[in-house]
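Using our numbering, read the sequence shown as starting at 11 and increasing by one per residue.
For each residue, glycine too, the CB sits at the ideal point set by N, CA and C.
One structure below.
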Amino acid sequence: MALMEWSDRLSVNIKEIDGQHQKLVDMVNRLHDAMKEGKADDIVMQIVAEMKKYAASHFATEERHMKTHSYPDYPAHKNEHDKFVAKVVQVEKDLKTGKCAMSMDILNFLSNWLVNHIKGTDKKYSPFLNAAGVH
Ligand SMILES: [Fe+2]
Ligand SMILES: [Fe+2]
């Protein structure tokens, strides 16, 4: 069973962003599968690196929309993104140096952060951006 399931409850009512969120959910599931199947560390690391890159480009999309429309909560929202990227960078570094192995704790952090951020923080911009014509 997949670790995370996409559902309409996660929708922010903006097509491009829902698509990006679905891809991030897929990546967490791929990471989970790779760990479950005992895939080699370099494969796990490759997925983490891919996720970091994709998350950064997804955050850039959201930040662009928020900035364009002068979304009032932009600074706090961007701060959450920056903290997440810093955490993933740290995880990547620890994996590379062998300081720690990929664990369910890290995986749960990634999946919980993603769900909580989408449901809590991302969903808040929906009515604002929808009203500004972003769908
Ligand atoms: Fe998002
Ligand atoms: Fe966000």
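* Asked: Which whole-angstrom value is the C-beta distance of Val98 and Val58, which I expect to be below 8 Å?
  -> 7 Å
* Contact set for Cys110: own chain, Cβ-Cβ below 6 Å, skip 5 residues either direction -> Asp104
* Asked: For His31, which of Val101, Tyr64, Asn140 has the nearest alpha-carbon?
  -> Tyr64
* Cβ contact (3+ pairs, closer than 8 Å) linking the stretch 71-85 and the stretch 34-54 -> no
* To do: Report the option in Ala66, Lys88, Met11 whose CA atom is closest to the CA atom of Tyr135.
  => Lys88
* Asked: Does the distance from the CB of Leu124 to the CB of Val38 come in under 9 Å?
  -> Annotated as proximal: Leu124 and Val38, with beta-carbon spacing under 9 Å.
* Please go through the same chain and pick out, in chain order, the residues whose beta-carbon is closer than 6 Å to the beta-carbon of Met61, but skip the five residues on each side of it. => Met37
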